[in-house]
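Residue numbers (UniProt numbering), protein chains in the order written: chain A, 1 to 186; chain B, 1 to 186.
There are 2 protein chains.
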Amino acid sequence: MGTRQAVRTGGRSARVQQAVHDAVRHLLTERDRADLTVPLVAARAGVTPSTVYRRWGDLQELLADVALQHMRPDGPPADLGNLRDDLAAWAEEWLEEMSSPTGRAVARDVVAGDGDGRSTGQCCAYTSGQIEAILTRAAGRGEDVPALDAVLDHVLAPMMYRVLFISDSLAPGYGRALVGTLLGPR
Amino acid sequence: MGTRQAVRTGGRSARVQQAVHDAVRHLLTERDRADLTVPLVAARAGVTPSTVYRRWGDLQELLADVALQHMRPDGPPADLGNLRDDLAAWAEEWLEEMSSPTGRAVARDVVAGDGDGRSTGQCCAYTSGQIEAILTRAAGRGEDVPALDAVLDHVLAPMMYRVLFISDSLAPGYGRALVGTLLGPR
């Protein structure tokens, strides 16, 4: 009985999360993000505003939570047979997603909703996990691999900086070029 | 008369801005940023809430505007006689300011209040201006200088990424080390 209770709660909790996330995503296709409010999201999701406040704290944190789902990788990074191509493919895909208006809004929401460092930390963990998978695979092939920190500092950080601060300076090929600078001439 | 009117409006406008900025700064020393509201700021500043809405749009943009004032450089970067030391001194000072809890909140506010790209663009302009001043001065001394973009990508971006995403990974000396990586061995 105790167990069933826990399972039922978990299921309802997951359904509430799904409904609220869906409501945010749908509302964002219809109106400006500045016009979103917790009561509006709650009404669309079919829950009470206090359910949203209790679970997410405020709108900013809810938006960060939705944005994080967007940042979660779909699967392991592509295996193209060597470190340089794997890193470049990952960087170019990241760039393509994040340099869109939606991607930029997602990055902004993750940063903005980060009073306690949770959403940015999780975002960073997703990305670091992908890069580490690429580095581990390359090391397994016997390739020389850079430190994770070097990839964060010199490939991911410049891309994120431009997404957040000077997004009109982004063009396809920029991620591959950063990987080239990090790894040196082929 | 038309001129005097314009001057008086400008003066009042500047006083309103000063009063509202001061109100935000004082309120932030007293309470959590999540508890700030436009009516609260307006009451402290002695203006009506609609004055704040008319001028800043919403709280997020107001916070970004206050944060930007914080990012504005106090003066030209220090001249230590050579590029490497000038860049390292600038980077270490930036890091010291921005890795504090206040600095992180400022960076977050600039990003969060950036619906139209204005606040991040201005933030980037301040920083680029400081770096350009260092590069121009070094070129005037006859030193080889890197491109502005290389300094943004490989010194500023890694520092900003860590401030926003993994702030517990920052330590003094990190800015100088990034400059060393960019410029190569002395």
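Backbone N, C-alpha and C define an ideal beta-carbon position, used for all residues, glycine too.
The structure presented is a predicted model; accordingly, all values stated were derived computationally and were not measured.
Just reading off the alpha helix (DSSP H) that Leu-80/B is part of, what are its end residues?
Leu-80/B -> no alpha helix (DSSP H), and no H or E assigned at all.
Alpha carbon to alpha carbon, how far is Gly-184/A from Ala-177/A?
Rounded to whole angstroms, Gly-184/A to Ala-177/A spans 10 Å at the Cα level.
Anyone know if the C-beta pair for Ile-134/A and Pro-73/A falls short of 8 Å?
Their beta carbons are not under 8 Å apart, which means Ile-134/A does not touch Pro-73/A by this criterion.
Length at least 4, wholly inside the segment 95–120 of chain B: the alpha helix (DSSP H) runs in chain order:
Runs found: 101–112.
Would Thr-29/A and Ala-42/A be called neighbours here (beta carbons separated by less than 8 Å)?
Going by beta carbons, Thr-29/A and Ala-42/A fall outside the 8 Å limit.
Pairing CB atoms from the segment 29–39 of chain B with CB atoms from the segment 84–100 of chain B, are three or more of them under 8 Å?
Counting C-beta pairs with one atom in each stretch, the segment 29–39 of chain B and the segment 84–100 of chain B have fewer than three that are closer than 8 Å, which means they do not touch.
Give the secondary structure of Gly-180/B by DSSP, where H, G and I count as helix, E and B as strand, and everything else as coil.
In the structure shown, Gly-180/B sits in a helix (DSSP, three-state: H, G or I).
For Ala-125/B, which option in Leu-59/A, Phe-165/A, Arg-108/A has the closest C-alpha, if you only look at C-alpha atoms?
With distances taken between Cα atoms, Ala-125/B lies closest to Phe-165/A.
Measuring only between beta-carbons, confirm whether Thr-120/B sits less than 8 Å from chain A.
True, the Cβ-Cβ gap to chain A drops below 8 Å.
Would you say Ala-34/B and Ser-119/B are within 8 Å of each other, going by their C-beta atoms?
Contact flag unset, no.
Any beta carbon of chain B sitting closer than 8 Å to that of Gly-2/A?
With a pLDDT of only 37 at Gly-2/A, under the threshold of 50, the placement of this residue in the model should not be trusted; the figure read from the coordinates follows. Chain B contact via Cβ: absent.
Closest to Asn-82/B by CA distance: which of Gly-121/B, Thr-127/B, Gly-142/B, His-26/B is it?
Nearest of Gly-121/B, Thr-127/B, Gly-142/B, His-26/B to Asn-82/B, Cα basis: Gly-142/B.
Neighbour list for residue 191/B in chain A, Cβ cutoff strictly below 9 Å:
Examination of residue 191/B is not possible in this model, given that chain B is present from 1 through 186 alone.
Anything in the segment 155–178 of chain A with a Cβ closer than 9 Å to a Cβ of chain B? List those residues in chain order, please.
Contact annotation: in the segment 155–178 of chain A, residues whose CB is within less than 9 Å of a CB in chain B are Leu-156, Ala-157, Pro-158, Met-159, Met-160, Tyr-161, Arg-162, Leu-164, Phe-165, Ile-166, Ser-167, Asp-168, Ser-169, Leu-178.
When you compare each of His-21/B, Arg-55/B, Leu-59/B, Val-66/B to Gly-103/B by their alpha carbons, which one comes out closest?
The shortest C-alpha separation from Gly-103/B is found at Val-66/B.
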